[in-house]
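Top to bottom, those sequences are chains A and B.
Residue numbers are given in my numbering: position 107 of the first sequence equals residue 115, and the series is strictly consecutive.
Residue numbers are given in my numbering: position 166 of the second sequence equals residue 207, and the series is strictly consecutive.
Structure record follows, encoded as structure tokens.
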Amino acid sequence: MVSDRDGRQAVIVGGNRTPFVKAGTTFAEASTQDLLTAALDGLVARFGLAGRTVDEVAAGAVLKHSRDFNLTREAVLGSALSPHTPAVDLQQACGTGLETVVYVANKIRLGQADTAIAGGVDSASDAPIVVTERLRRALLAARRARTPVQRAMAFVGLGPADLAPVPPAVAEARTGLSMGESQALTTTRWAITREAQDELALASHRNLAAAWDRGFFDDLVTPYLGVTRDGTLRPDTSAERLAALAPVFGRGPGATMTAGNSTPLTDGAALVLVAERSRAAELGWPALARVVDAQVAASDYVTGREDLLLAPVRALPVLLERTGLTLGDFDLVEVHEAFAATVLATLEGWRREGLGDLDRARLNVNGSSLAAGHPFAATGARIVASLAKMLAERGTGSLGLVSICAAGGQGVVAILEGM
Amino acid sequence: MAGRSFLERIYATSVGHGLARRAGLADPPVLLRGRVRPAGPIGLGTVTGGVLAERTLDVLGLVGTGPLRDEPDQQTRDADGRVRPPAYHARLGALVIDATGVRTIADLEPVRATLRPAMRGMEKSGRVIVVADDASAVEGLEARAVAQALDGIVRTVGKELRGGSTANLVTCGAGVGPEDLASTLSFLLDGRSAFVDGQVIRVRPRKAGDSPDDAYDPARPLSGRVVAVTGAARGIGAAIAHTMSRDGATVICVDVPQAGESLARVANTVGGSALQLDITVPDAGRRIAAHVVGRHGIDTRLWAIVHNAGITRDRLLANLDESRWSQVLRVNLAAQIAINAVLLDPAIPGGLAEPGRIVGIASTSGVAGNRGQANYAASKAGVMGLVRAMSEQLRDRPVTANAVAPGFIETDMTAAIPFVQREVFRRSNSLSQGGRPVDVAETIAWLCDPASGGIDGQVVRVCGQNLVGA
Ligand SMILES: NC(=O)c1ccc[n+]([C@@H]2O[C@H](COP(=O)([O-])OP(=O)(O)OC[C@H]3O[C@@H](n4cnc5c(N)ncnc54)[C@H](O)[C@@H]3O)[C@@H](O)[C@H]2O)c1
């Protein structure tokens, strides 16, 4: 286990996120930076940080304009935080949010920071549209040109097809497969049934709806642009309704993945406030949970020997080995629901690794991405904030596990302990 | 103002406005607001030689000048041979009359004599303040009657004064000293009291342990203190947050989770914090207390709670169902009773400090009743009853409980009233205009001042001397 310098511990103080909504809907006009700034301002308000400095803000986005090279710092400057607050952009696909938490927690434990904010944002509505590779090269050549003739020559040979904008594809560079298509291979390989997927999706909606009704998100979400709840949440969905949906990924009779058991493209932002434990106490802040440890791993998915979204199956044994914990030790387990089948395959993978069967009553008890939606880089902070609050409610020493799969065949797992 | 009616749009045009003026709807006076004293001198008159007002002005670092009196040797005759009262050359900023010791009908004549020259001698937004003994502090039939007579005089002065000037009566219980009175006199002199007119404010000696500490700064009286304001996302609540923050407080802004976006904006603007909370949930009081310690440390206690959140669900009683009835009573009355009970428990970390302040928001509808508002009037009259009962209950603790009763205040709530009716409401007070949220906020900030321990169990109207229920 990573040893803390001088006994320093990184604790989750609280969190804030925007509601999550389906891409192209209510937040369609909001930029990635707008969303991140809104989440930041909500967090600043919740903790009375206006005009104050935190030692660092770490955040990122998966879909990012080149103009957003300093996305997080720009969001800080647009927020109510003191302009003396430095910021960093980090990115590890859907692992981004959790990795930012690990990054600031490590800095805090090393004594390089006392207070920090971590999280992420994504807007599939504000995704950058790029030009074709041939047009891009022509534009660059034209820029280098010295004469008008040279400039004109740069565009010779371009056809109409080269002028059409290229919409963003959430596809793997090396396999050309979309996330859903990749998962469909896994789903088939691991023989995950439609019923099991729909059951998990239903539980996600039911759990998330109950959490909203209970007021669980009163201090975790700040409304944005008039949206007060997660837009993808279907409190009234049922096994029958889910069963009626047609498959959207995979082919033939074996296709089981539907819009109901897969996450939609989502817009939203989420952040957590992290602090050194004694500093938090000095500031009068609550300590919900301690960041215990984390591990990242990657899978060999390109050869097809392993699965794109199952790297957590490699990461968790390493983490448990280092911390001396077992899967059964965790009171609460949060496995990001990229697709219902991803979660089910991950659990099966852990079982095959000899980690044992997870008690499903401990899994995603307040719902997860299938119901809430999944703005890629925001998901980690959404989960960490909710889990930290649940652990604090359970009491000191309760243990929580977070597992997030990411594009590129990567996976991050982390352990929190209730304070 | 997307929802403006046809009439309202006409009224806003220059032609419509001109017509309205000819019909007698003159532009209302622009009121002086904020922590600003009147520009002109403060006339200080006494009737029977009382010195309370003089000594109180002294505490405030102010000196009064002798006012003119309409006495035979001061009078002049005009060209037509009519007797004229003496006239001020420079306009008075304020006139303070120390009427303590007034006991007989004859004692009222000097009050008249001092007021008469001032009625046409005040600057705009000038102030008339009469300081007198409370009826409870005097004995004898005539003395008690005369104490009430002052009430009638001051209310009339409020109605006769023009140009945004106001008149208020401060009555003092037995044993009131300048320190008990200072924050109130200061408030009434200032622009802060712009929309408080024709009111009677009772001051009594502060309870033991309810004095400002050494660090008290009258210009920033709430500095270093944490206060909570419910319904702070907009309207009057947002103004309360701003005003209390100006006065130095760290403000916990409370509103329903659905209002979180604007709540965050208010909290960040005032440098406070946001608590998304429906005040009607059973653990609301505990969640407020937990927020206090979760932001400011386990030893911090709340200096003041301002119960501003309120709703209307108007229907004539003939159409008023059980749900509209109970919603309004829950939000406007039941919630604050439950929250106070928690915050007043000394065992709960983050509860109310001692000394401390509780303020509720009543309404002129609660004072007078209002067609279509049986539920609302019940809740708001209930708030008045509540603060009176609480001040009795808290007799031995240095915590005051007061309420303000706003009249017509320009907010989203009143923007929903049909235009003509709204314009009537606006005009039916001595200042011929609606009040602003800040006017209510200033009054609340004054009640929460550490030096305002002398004000307890009272309902102060912020209504520009509205005719309703006056
Ligand atoms: N505007 C007037 O003329 C006027 C006159 C007399 C009294 N008042 C009183 O002043 C207060 C503020 O009025 P306003 O005009 O600013 O109203 P408003 O409607 O603009 O604001 C009231 C705020 O209270 C909040 N609120 C409502 N229910 C709540 C709950 N259950 N928990 C937490 N917050 C809740 C609302 O979200 C809103 O932000 C109210 O109590 C009102 O009755 C107003």
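Beta carbons: idealized from backbone N, C-alpha and C, even for Gly.
This structure is a prediction, so every number in the text was calculated from the model and none was measured.
Discussion item. Residues in the same chain with beta-carbon distance under 8 Å from Thr61 of chain A, minus the five sequence neighbours each way, listed in chain order, please.
Written reply: Within the first sequence, the letter at position 53 stands for residue 61 of chain A. In its chain, beyond the 5 residues on either side, Leu89, Ser90, His92 and Thr93 have a beta carbon closer than 8 Å to the beta carbon of Thr61 of chain A.
Worksheet item: Which residues in the same chain have their Cβ closer than 8 Å to the Cβ of Ala131 of chain B, if we skip the five residues on either side of it in sequence?
Response: Counted from its first residue, the second sequence places residue 131 of chain B at position 90. For Ala131 of chain B, where only same-chain residues beyond five positions count, the Cβ hits under 8 Å are Gly81 and Pro82.
Item to complete: Just the C-alpha distance for Gly423 of chain B and Leu374 of chain B, rounded to the nearest angstrom, thanks.
Response: Sequence index remark: in the second sequence, residue 423 of chain B carries index 382 (1-based). Sequence index remark: in the second sequence, residue 374 of chain B carries index 333 (1-based). Rounded to the nearest angstrom, the two C-alpha atoms are 7 Å apart.
Discussion item. In the DSSP assignment, the beta strand (DSSP E) including Thr441 of chain B goes from what residue to what residue?
Written reply: If you number the second sequence from 1, residue 441 of chain B lands on position 400. Segment Val440 to Pro447, the beta strand (DSSP E) holding Thr441 of chain B.
Discussion item. Just to confirm my understanding: we take Ala43 of chain B, look at its own chain, exclude 5 residues before and 5 after, and list those with CB closer than 8 Å. What are they?
Written reply: Within the second sequence, the letter at position 2 stands for residue 43 of chain B. Legend: pLDDT at Ala43 of chain B = 42, less than 50; position of this residue unreliable, value from coordinates given subsequently. Cβ within range, chain order: n/a, list empty.
Worksheet item: According to a CB-to-CB cut-off of less than 9 Å, which residues of the segment 222-234 of chain A neighbour chain B?
Response: Gly223, Phe225, Asp226, Asp227, Val229, Thr230, Pro231, Tyr232, Leu233 and Gly234
Worksheet entry | Within chain B, partners of Val7 of chain A - CB distance below 7 Å | This structure cannot settle anything about residue 7 of chain A, because the visible part of chain A is limited to 9 through 427.
Worksheet item: Does Met42 of chain B get closer than 8 Å to chain A when you measure Cβ to Cβ?
Response: As a first step, residue 42 of chain B is located in the second sequence; it is residue number 1 there, counting from the start. Below a pLDDT of 50, predicted positions are generally treated as unreliable, and Met42 of chain B, at 38, falls in that range; the measurement from the model is reported next regardless. The C-beta of Met42 of chain B comes no closer than 8 Å to any C-beta of chain A.
Worksheet entry | Boundaries (first-last residue) of the beta strand (DSSP E) holding Trp344 of chain B | Your numbering for residue 344 of chain B matches position 303 in the second sequence. Trp344 of chain B -> beta strand (DSSP E) spans Leu343 to His348.
Item to complete: Take Phe228 of chain B as the anchor and find which of B:Arg78, B:Ser314 and B:Asp324 has the nearest alpha-carbon.
Response: Stepping through the second sequence from its first residue, residue 228 of chain B is reached at position 187. With distances taken between Cα atoms, Phe228 of chain B lies closest to B:Arg78.
Fill in: Inter-residue Cα distance where the pair is Gln17 of chain A and Gly426 of chain A
Residue mapping note: residue 17 of chain A aligns to position 9 of the first sequence, counting from 1. Residue mapping note: residue 426 of chain A aligns to position 418 of the first sequence, counting from 1. Distance between the alpha carbons of Gln17 of chain A and Gly426 of chain A is about 13 Å.
Item to complete: Give a yes or no on whether 8 Å exceeds the smallest Cβ distance from Gly59 of chain A to chain B.
Response: Locating residue 59 of chain A in the first sequence gives position 51, where the first residue counts as 1. By this cut-off, Gly59 of chain A is an interface position.
Fill in: Distance, Val445 of chain B Cα to Gln506 of chain B Cα
Here residue 506 of chain B corresponds to residue number 465 of the second sequence, with the count starting at 1. Here residue 445 of chain B corresponds to residue number 404 of the second sequence, with the count starting at 1. Rounded to the nearest angstrom, the two C-alpha atoms are 13 Å apart.
Worksheet item: So which residues of chain A does Leu318 of chain B contact, with C-beta pairs closer than 7 Å?
Response: Position 277 of the second sequence, counting from 1, holds the residue named residue 318 of chain B. Correct list: Asp226.
Worksheet entry | In DSSP terms, what Val575 of chain B is bridged to | The requested residue 575 of chain B does not occur in the structure, where chain B is confined to residues 42 to 511.
Practice prompt. Please state whether DSSP places Gly260 of chain A in a helix, a strand or coil.
Written response: For the purposes of this step, residue 260 of chain A is identified with residue 252 of the first sequence, where counting begins at 1. Gly260 of chain A falls in the helix class under three-state DSSP.
Worksheet entry | Three-pair Cβ contact test at 8 Å for the segment 459-475 of chain B versus the segment 285-292 of chain B | no
Worksheet item: Under a CB-based cut-off of 8 Å, is Thr33 of chain A close to chain B?
Response: The residue you call residue 33 of chain A lines up with position 25 of the first sequence. Thr33 of chain A does not count as touching chain B.
Item to complete: Within its chain, find whatever has a CB closer than 7 Å to the CB of Val334 of chain B; leave out the 5 residues flanking it on each side and keep chain order.
Response: If you number the second sequence from 1, residue 334 of chain B lands on position 293. Excluding sequence neighbours, Val334 of chain B sits near Thr341, Pro390 and Gly391.
Worksheet item: How is the alpha helix (DSSP H) around Arg96 of chain B delimited, first residue to last?
Response: Walking along the second sequence from the start, residue 96 of chain B turns up at place 55. Here the alpha helix (DSSP H) through Arg96 of chain B covers Leu93 to Val100.
Discussion item. So if DSSP puts Ile485 of chain B in a beta bridge, which residue, or which two residues, is it bridged to?
Written reply: For this step, residue 485 of chain B is matched to residue 444 along the second sequence. DSSP, once it has assigned bridges, lists no residue as partnering Ile485 of chain B.
Practice prompt. Pull up the CB-CB distance for Gly397 of chain B and Ala345 of chain B, whole angstroms please, since I reckon it's below 8 Å.
Written response: Taking the first residue of the second sequence as 1, we reach residue 397 of chain B at position 356. Taking the first residue of the second sequence as 1, we reach residue 345 of chain B at position 304. At roughly 6 Å, the Cβ-Cβ gap stays under 8 Å, so Gly397 of chain B and Ala345 of chain B are in contact.
Worksheet item: Considering only C-alpha positions, which residue in the set A:Leu143, A:Ala149, A:Arg152 and A:Glu189 is nearest to Pro168 of chain A?
Response: Here the question's residue 168 of chain A lines up with position 160 in the first sequence. Comparing Cα positions, the closest option is A:Leu143.
Worksheet item: Based on the DSSP secondary-structure assignment, which residues constitute the bridge partners of Tyr232 of chain A?
Response: In the first sequence, counting from the first residue as 1, residue 232 of chain A sits at position 224. Tyr232 of chain A pairs with A:Val235.
Worksheet item: Should Pro261 of chain A be counted as a contact of ligand 1 given a C-beta to heavy atom distance under 7 Å?
Response: Sequence index remark: in the first sequence, residue 261 of chain A carries index 253 (1-based). No, since every heavy atom of ligand 1 falls outside the 7 Å radius drawn around the Cβ of Pro261 of chain A.
Item to complete: Report the partner residues of His344 of chain A according to the DSSP bridge assignment.
Response: Here residue 344 of chain A is taken as the residue at index 336 of the first sequence, counted from 1. In DSSP, His344 of chain A forms no bridge with anything.
Worksheet entry | CB contact check: Thr89 of chain B to chain A, cutoff 8 Å | One-based indexing of the second sequence puts residue 89 of chain B at position 48. Chain A contact via Cβ: absent.
Fill in: Cβ neighbours of Arg266 of chain B in the same chain (closer than 6 Å, five flanking residues each side left out)
The residue given as residue 266 of chain B occupies position 225 in the second sequence. Only Ala290 and Trp344 meet the Cβ criterion.
Worksheet entry | Proximal residues to Val307 of chain B (C-beta, below 7 Å), its chain only, five neighbours per side dropped | The count along the second sequence starts at 1 and reaches residue 307 of chain B at position 266. Ala273, Ala274, Ala279, Ala282 and Cys294.
Worksheet item: Does the Cβ-Cβ distance between Gly476 of chain B and Phe449 of chain B come in under 8 Å?
Response: Position 435 of the second sequence, counted from the first residue, corresponds to residue 476 of chain B. Position 408 of the second sequence, counted from the first residue, corresponds to residue 449 of chain B. Taking 8 Å as the Cβ cut-off, Gly476 of chain B and Phe449 of chain B qualify as a contacting pair.
Worksheet item: Cβ of Ser264 of chain B less than 8 Å from any chain A Cβ?
Response: Here residue 264 of chain B refers to the residue found at position 223 of the second sequence. Interface annotation, Ser264 of chain B: not in contact with chain A, CB-CB separation never under 8 Å.
Worksheet item: Is Met454 of chain B near ligand 1, with its Cβ less than 7 Å from a heavy atom?
Response: For this step, residue 454 of chain B is matched to residue 413 along the second sequence. Checking every heavy atom of ligand 1 against the Cβ of Met454 of chain B, one is found closer than 7 Å.
Worksheet item: In the DSSP assignment, what residue or residues form a beta bridge with Ala284 of chain A?
Response: What you label residue 284 of chain A is simply residue 276 of the first sequence in a count that begins at 1. It should be pointed out that residue 284 of chain A corresponds to Glu in this sequence rather than to Ala. Answer is A:Ala18.
Worksheet item: Does any CB atom of chain B fall closer than 8 Å to the CB of Gly332 of chain A?
Response: To locate residue 332 of chain A, count along the first sequence from 1; it is residue 324. No, because no Cβ of chain B sits closer than 8 Å to the Cβ of Gly332 of chain A.
Worksheet item: How long is the line joining the alpha carbons of Leu324 of chain A and Ile320 of chain B, rounded to whole angstroms?
Response: Here the question's residue 324 of chain A lines up with position 316 in the first sequence. Here the question's residue 320 of chain B lines up with position 279 in the second sequence. The straight-line gap from Cα to Cα measures roughly 43 Å.
Discussion item. Distance check for Asp301 of chain A and Met9 of chain A, CA to CA, integer angstroms please.
Written reply: Residue numbering aside, residue 9 of chain A sits at position 1 when the first sequence is read from its first letter. Residue numbering aside, residue 301 of chain A sits at position 293 when the first sequence is read from its first letter. With a pLDDT of 48 at Met9 of chain A, under the threshold of 50, the modelled position of this residue cannot be trusted; read the value that follows with caution. Rounded to the nearest angstrom, the two C-alpha atoms are 7 Å apart.
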